[in-house]
Amino acid sequence: MAPFWSATRRAAALWIAVAAGSGSGWAAEPGGRDLGPLVDIAGGSFLAGDPEGEADEAPQQAEAGSFRLMRLEVTTGQFADFVAASGHVTDPERSGSGYVWDGRWRLERGADWRFPEGPGAPPAAPDHPVVQVSARDATAFCAFHGLRLPSDLEWEYAARGTDGRRFPWGDEAPGPADRDLANFGSLRCCAPDAGDGYLRRAPVGSYPRGRSPFGILDMAGNVWEWTASTRPGRPGRVILRGGGWGNNPYCLRTSYRHDNPPHIGLSMVGFRCAAGPG
Ligand SMILES: [Ca+2]
Ligand SMILES: [Ca+2]
4 MAPFWSATRR
14 AAALWIAVAA
24 GSGSGWAAEP
34 GGRDLGPLVD
44 IAGGSFLAGD
54 PEGEADEAPQ
64 QAEAGSFRLM
74 RLEVTTGQFA
84 DFVAASGHVT
94 DPERSGSGYV
104 WDGRWRLERG
114 ADWRFPEGPG
124 APPAAPDHPV
134 VQVSARDATA
144 FCAFHGLRLP
154 SDLEWEYAAR
164 GTDGRRFPWG
174 DEAPGPADRD
184 LANFGSLRCC
194 APDAGDGYLR
204 RAPVGSYPRG
214 RSPFGILDMA
224 GNVWEWTAST
234 RPGRPGRVIL
244 RGGGWGNNPY
254 CLRTSYRHDN
264 PPHIGLSMVG
274 FRCAAGPG
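Counting in the numbering used here, the sequence shown runs from 4 upward without gaps.
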């Protein structure tokens, strides 16, 4: 039996044990929401990087092993079930604040995964990608389900496949006539734009035309995704991939990287889990 399913049964048992005392006000589903499909990705050689990108995007042939990756970003609902079952307290909850974009990045008191823009703003929707979770929180969620975060290399392979395409759907950046490819913004950092239907986070899987060659959704945009990899030359900084709702297409490229410390949460950063080698 795959570790994912056995982990889900473990989650169900734990939910029964502790959900009654969680007191979060969030409705956790008995047994826990499952994580949706994990896509089988056969290993192979692929063209990584982008000749028009940053210094660390020098084109090169790379080798990826076989693994599996969630088809969708982890949702707030799935994270609520995890919290109810495990009692996990996130880094932003411990520190008392998370980073919010409102024309600039600033620490907002009380911003957490339930209230990503702060306690005075609307709560997160269950079908939206969870945000205000640190790399450590993301790692804990994946481990609870018997999974892990994807590596930097695995993430790029899953986003672009073997042919060196610059975006999950092909080489062309999304333009005014291509507003159903991804949820993104109009400045490198940052300018939210509702032309694609959403100013901030969109329900996961809202842009099927933007799927990767492996059929994985939202690899460009919606929320940045934590990886398991640290940034070479920047000790202690964890690589993020894919761009988010406030970033322009330059940051949505399959080879573009950003990095952050592992203990902070932001309103534009989430994750998805991997398994394997598959
Ligand atoms: Ca948008
Ligand atoms: Ca994403």
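We put the beta carbon where it would ideally sit given N, CA and C, even for glycine.
The structure presented is a predicted model; accordingly, all values stated were derived computationally and were not measured.
Cα-Cα separation between Ser69 and Asp166, rounded to whole angstroms: Computed Cα separation, rounded: 17 Å.
Reduced DSSP category for Val77 - H, G, I as helix; E, B as strand; rest coil: DSSP places Val77 in coil when its eight states are reduced to three.
Nonlocal neighbours in the same chain, by C-beta distance under 7 Å from Cys193, ignoring five residues either side: Scanning its chain for C-beta atoms nearer than 7 Å, with the 5 sequence neighbours on each side dropped, one finds around Cys193 the residues Trp104, Gly249 and Asn250, in chain order.
Minimum C-alpha distance to Ala51 - residue among His261, Asn263, Thr257 and His266: When each option's Cα is compared against that of Ala51, the closest is Thr257.
Limits of the unbroken beta strand (DSSP E) element including Asp43: Unbroken beta strand (DSSP E) run through Asp43: Leu41 to Ile44.
Residue burial classification, Gln135 (beta-carbon count within 10 angstroms, cutoff 16): Burial call: buried.
Cutoff 6 Å; reference Asp155; Cβ partners in own chain excluding five residues on either side: Sequence-distant partners of Asp155 (beyond 5 residues in either direction) whose C-beta falls short of 6 Å from its own C-beta, in its chain, are Thr230, Ser232 and Ile242.
Distance, Asp115 Cα to Pro122 Cα: Using only the alpha carbons, I get a separation of about 8 Å.
Rounded straight-line distance, which links the Cα of Ser98 to that of Ala88: Cα to Cα, Ala88 sits roughly 22 Å from Ser98.
Same chain, Cβ closer than 8 Å to Ser27, five either side skipped, listed in chain order: Confidence is the limiting factor: at Ser27 the pLDDT is only 42, short of 50, which leaves the residue's position unreliable, though a coordinate-based value still follows. Counting only Cβ-Cβ distances below 8 Å, and skipping sequence neighbours, we find Ala83, Val86, Ala87 and Arg117.
Distance cut-off 7 Å: Phe170 Cβ against heavy atoms of ligand 1: Phe170 Cβ: outside cutoff for every heavy atom of ligand 1.
Proximity winner among Glu57, Tyr201, Pro235 and Trp108, relative to Cys254 (alpha-carbon distances): That would be Glu57, whose Cα lies nearest to the Cα of Cys254.
Alpha-carbon spacing of Pro252 relative to Pro216, whole angstroms: Roughly 18 Å separates the two Cα atoms.
Closest Cα partner of Arg74 within the set Phe147, Met271, Leu220 and Ala128: Here the closest residue by C-alpha is Leu220.
Beta bridge counterpart(s) of Arg244 as assigned by DSSP: According to DSSP, which records beta bridges pairwise, Arg244 is partnered with Glu228 and Arg260.
Proximal residues to Asp130 (C-beta, below 8 Å), its chain only, five neighbours per side dropped: Here the set comprises Thr78, Thr79, Gly80, Pro206 and Val207.
Cβ-heavy atom distance, Gly101 to ligand 1, below 7 Å: Checking the Cβ of Gly101 against ligand 1 gives no.
Burial state of Pro280 (16 or more Cβ within 10 Å): If you draw a 10 Å sphere on the C-beta of Pro280, you find fewer than 16 other C-beta atoms in it, and that means exposed.
Through-space distance from Leu38 to Pro119, alpha-carbon basis: C-alpha separation (whole angstroms): 21 Å.
Identity of the residue in Ala141, Arg275, Phe274 and Ile267 nearest Tyr102 by Cα: If we check each option's Cα against that of Tyr102, Ile267 comes out closest.
Buried versus exposed, by CB contacts within 10 Å (16 or more), Glu55: Label assigned to Glu55: exposed.
Beta-carbon spacing of Val226, Arg204 below 8 Å: In this structure, Val226 places its C-beta atom within 8 Å of the C-beta atom of Arg204.
Residue range of the unbroken beta strand (DSSP E) whose run includes Phe49: Boundaries of the beta strand (DSSP E) around Phe49: Gly47 to Ala51.
C-alpha distance - Arg112 paired with Pro179, whole-angstrom precision: The C-alpha of Arg112 lies about 37 Å from the C-alpha of Pro179.
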